[in-house]
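J.: First, the structure itself, so that you have it in front of you.
Protein chains: 2
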Amino acid sequence: MYTYPFKLEKLINEISKLPGIGPKMAERTAIYLLKKGQPAADALSEALDGIKDIKFCNICGNISTLDTCAVCTDEKRDKGVICVVESPEDVITIEHTGKHAGVYHVLYGVINPLNNILPENLKISSLVNRAGAPDVREIILAINHTVEGDATSLYIADAVKTVKPDLKITRLAKGLPTGSDIKYADEITLGQAILERKEV
Amino acid sequence: MYTYPFKLEKLINEISKLPGIGPKMAERTAIYLLKKGQPAADALSEALDGIKDIKFCNICGNISTLDTCAVCTDEKRDKGVICVVESPEDVITIEHTGKHAGVYHVLYGVINPLNNILPENLKISSLVNRAGAPDVREIILAINHTVEGDATSLYIADAVKTVKPDLKITRLAKGLPTGSDIKYADEITLGQAILERKEV
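Chains A and B are the protein sequences, given in the same order.
Read in my numbering, the first sequence has 152 at position 152, and its numbers run on one by one without any break.
Counting from 1 along the second sequence, just add 1000 to a position and that's the residue number in my numbering.
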């Protein structure tokens, strides 16, 4: 029986290790690259090689070109307000809003015991250390509103309060998205929006 | 405003060129590789480098380690029956059935004028040449049962018949999949299965 050449099987196998890519999609991607030819594969290889020059900030853990990231070294950013996020993608998304002038702290996940992600696997102890600094006034927990996100937020709030009991700790507001239609809102979001209604 | 390091942007850009991968998934994949570290990226780079050693068979167009593929050089395969497929993935799928003892011809697509894929962009003329050889007895059109697939099948049948009017040209049977439930079958498939019913 005919099978793919060994080197193609190897490429399919490597591609299928990527998140969200199943064996069929890996096969299609490998054959796509094969049809595109060596220049396309070389461009991807070269980009992959660039990974060695990318670092993680030694303060906030965010992705950086230098040992300390552009946000942490920026004189204009307010070091007193730390926005805690799950992933580097969230930093970019929040930066696009232009509403956060402080610094960040990237956890790289949320507590999820079923998937063996425990507090010690996340960058929580370094956050507690940072929060203990005298100039820190607020921790914004910009963690997703999921069961795991809620548990992680509670855990962090407890941990931070042990070192600095009167520190202001906030979470992002829950409610209806801007431009959304009430009749299409899910019950939980709408219920929360009613409970947390604001005076106009 | 903080943005990703240039080399990470470049990697995201290269990954987003792959089929079926949007900008958000490319971002997630790049950060996944970054977190995995250089060895994971190197393994993928090395696999990509293997593409240069993979060839396309000079007879059937299928993927091959040598100039002519393992099927076309196999003495035991029946060179008189050519199975025409859209892609190399289809060759593997048909090989797994063990029901085709002949050879293949890979078109690399179907005719689709809306996407600028015309007969001359597909490996149709080389198929017509092969079909003209005196030992070829049958062309099996194992092309998907889609509108474009039907049009391509008709086009190929016409083209082949101009060089060899009495050649047997077949298409794969349409009908209900094995193990399927009639009440869940779509109307077109079920209708076709009724029209093409067979005596038991």
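No residue lacks a Cβ here, since even glycine has one placed at the ideal position from N, Cα and C.
Straight-line CA distance for THR1162/B to LYS17/A?
T.: CA-CA distance, THR1162/B to LYS17/A, rounds to 48 Å.
J.: Helix, strand or coil for SER1045/B per DSSP?
T.: helix
J.: Taking the alpha-carbon positions, what's the LEU154/A to VAL110/A distance?
T.: Going by the C-alpha atoms only, they are around 11 Å apart.
J.: Once the 5 residues before and after CYS1072/B are set aside, which same chain residues still bring their CB inside 7 Å of it?
T.: CYS1057, ILE1059, CYS1060, VAL1103
J.: Can you grab the Cα-Cα spacing for the pair ILE92/A / LEU34/A, in whole Å?
T.: 33 Å
J.: Mapping the DSSP letters down to three states, classify CYS83/A as helix, strand or coil.
T.: strand
J.: If you measure between the beta carbons of ASP90/A and ALA142/A, is that distance less than 8 Å?
T.: Yes; because the gap between Cβ atoms is below 8 Å, this pair is in contact.
J.: Pull up the distance between the alpha-carbon of GLY1132/B and that of LYS1168/B, whole angstroms please.
T.: 12 Å
J.: With 16 as the cutoff for other CB atoms within 10 Å, does TYR1184/B come out buried or exposed?
T.: exposed
J.: State the Cα-Cα distance for the pair LEU1127/B and ASP1186/B, rounded to the nearest angstrom.
T.: 34 Å
J.: At a CB-CB cut-off below 8 Å, which residues of chain A make contact with ARG1130/B?
T.: Residues of chain A passing the Cβ test: none, with the nearest at roughly 18 Å.
J.: Which value, in whole angstroms, describes the spacing of the CA atoms of THR1029/B and GLY1149/B?
T.: If I take the Cα positions, the gap works out to 33 Å.
J.: Mind checking the region 40-55 of chain A against chain B and listing, in chain order, the residues whose C-beta falls within less than 7 Å of any C-beta there?
T.: Along the region 40-55 of chain A, the positions whose C-beta sits under 7 Å from a C-beta of chain B are ALA41, ALA43, LEU44, SER45, ALA47, LEU48, ASP49, GLY50, ILE51, LYS52, ASP53, ILE54, read in chain order.
J.: So with Cβ pairs under 8 Å, would you call ALA1070/B a contact of chain A?
T.: yes
J.: Closer than 8 Å, CB to CB, is LEU141/A near chain B or not?
T.: Taking 8 Å as the CB threshold, LEU141/A stays off the interface with chain B.
J.: Quick one: Cα of ASN1013/B to Cα of PRO1005/B, how far?
T.: 12 Å
J.: Tell me which same chain residues have a C-beta within less than 7 Å of the C-beta of ILE1145/B, skipping the five on either side of it?
T.: Per the sequence presented here, residue 1145/B reads as His, with Ile not at that position. Within the same chain, HIS1145/B has close Cβ partners LYS1174.
J.: Which residues in chain A sit within 7 Å of GLU1014/B, going by Cβ to Cβ distance?
T.: ALA43, LEU44, ALA47
J.: Taking the straight line between their C-alpha atoms, what separation do you get for GLN38/A and LEU1195/B?
T.: 48 Å
J.: Kindly list the residues whose CB is nearer than 7 Å to the CB of ALA26/A, restricted to its own chain and excluding five residues on each side of it in sequence; keep chain order.
T.: ILE12, ILE15, SER16
J.: Can you find a C-beta in chain A that's less than 8 Å from the C-beta of VAL1091/B?
T.: Taking 8 Å as the CB threshold, VAL1091/B lines the interface with chain A.
J.: What in chain B is Cβ-close to GLY191/A, meaning under 9 Å?
T.: The premise fails here: GLY191/A is roughly 29 Å from chain B at the closest Cβ pair, so nothing lies under 9 Å.
J.: Between the C-alpha atoms of ASP53/A and LYS1036/B, what's the straight-line distance to the nearest angstrom?
T.: 14 Å
J.: Please go through the same chain and pick out, in chain order, the residues whose beta-carbon is closer than 7 Å to the beta-carbon of PRO88/A, but skip the five residues on each side of it.
T.: ASN62, ILE63, VAL106
J.: So for LEU1141/B, helix, strand or coil by DSSP?
T.: strand
J.: Starting from the beta carbon of THR22/A, find every residue of chain B whose beta carbon is closer than 9 Å, and list them in chain order.
T.: What sits at residue 22/A in the sequence shown is Gly, not Thr. The premise fails here: GLY22/A is roughly 11 Å from chain B at the closest Cβ pair, so nothing lies under 9 Å.
J.: Is the Cβ of LEU127/A closer than 8 Å to any Cβ of chain B?
T.: For LEU127/A, the closest Cβ of chain B is not nearer than 8 Å.
J.: Report, in whole angstroms, the separation of the C-beta atoms of TYR2/A and ALA1070/B, which I expect to be a contact under 8 Å.
T.: 5 Å
J.: For a test of the three-state rule: what should DSSP assign to VAL200/A, helix, strand or coil?
T.: coil
J.: Are any of the Cβ atoms in chain B nearer than 8 Å to that of ILE59/A?
T.: no
J.: Could you pull out every residue in the same chain whose Cβ sits closer than 7 Å to the Cβ of VAL241/A, ignoring the five residues on either side in sequence?
T.: Outside the modelled stretch of chain A, which goes from 1 to 200, sits residue 241/A, for which no answer is possible.
J.: Hey, is GLU27/A's beta-carbon within less than 8 Å of any beta-carbon in chain B?
T.: yes
J.: CA-CA distance, TYR108/A and GLY179/A?
T.: 31 Å
J.: If we require 4 or more residues per run, which alpha helix (DSSP H) segments fall completely within the region 1107-1158 of chain B?
T.: Runs found: 1125-1131.
J.: In three-state DSSP terms, what is ILE1169/B?
T.: Collapsing the DSSP output to three states places ILE1169/B in a strand.
J.: At least one CB of chain B closer than 8 Å to the CB of LEU18/A: is that the case?
T.: yes
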